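This report concerns only the one structure given below.
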Amino acid sequence: RVVRQKGRDRIHPATRTFQALRIAVNDELGVLKRVLPDAVSLLKPGGHLAIIAFHSLEDRIVKQFFRDEATDCLCPPQLLFCACGHRATLERRSAMRKPIIPSPPEIERNPRARSAKLRVAERLPIEDMTTDDER
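The sequence shown begins at 13 in my numbering and counts up by one.
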């Protein structure tokens, strides 16, 4: 007798295997890492960047990128001053910090949406960007 996991028994193991192969063969995670900085550079100040992730690995990359780009300094906290010179380019407002996920009625209408997560960040206006000396 096999004990089934709740919630995951709807997805066939072959589906997960094919998804993993597709992600690896197409270098989808690498492409995502390369396209995010380019997308931010194309935004006007005040513009919104919205990313829909369908896989937890994709979502982790987007979440980490948004967090890093909303931070002025990426140096380790042990450093007394900023050595990296990184400036925040994005803002994650309180309403946009958590991902937007599909509602149960949406999943009922569109089962493929069940794993989707929408994350949104806003490009900081130029005058709101802090200087390198600030931490």
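Don't be surprised by glycine CBs; every beta carbon is placed ideally from N, CA and C.
A quick note: this is a predicted structure, and the numbers were derived from the prediction, not measured.
For residue i, the nearest candidate out of the options (CA to CA)
i	options	result
K75	Q90, L48, L86	L48
T83	N38, R135, D39, N122	R135
S68	A32, Q90, G59, L92	A32
D71	N122, I112, R124	I112
Beta-carbon proximity check, residue i vs residue j, cutoff 8 Å
i	j	result
L102	V52	yes
L41	I73	yes
F66	A133	no
A125	P114	yes
G58	P137	yes
Beta-ladder partner(s) of residue i, from DSSP
i	result
I60	Correcting the residue type first, residue 60 is His in the shown sequence and not Ile. H60 is bridged to E134.
E103	E134
K110	In the DSSP output, where bridge partners are listed per residue, K110 has none listed.
A65	K129
### Query
Taking contact to mean at least 3 C-beta pairs separated by less than 8 Å, is the region 22-37 in contact with the region 95-102?
no
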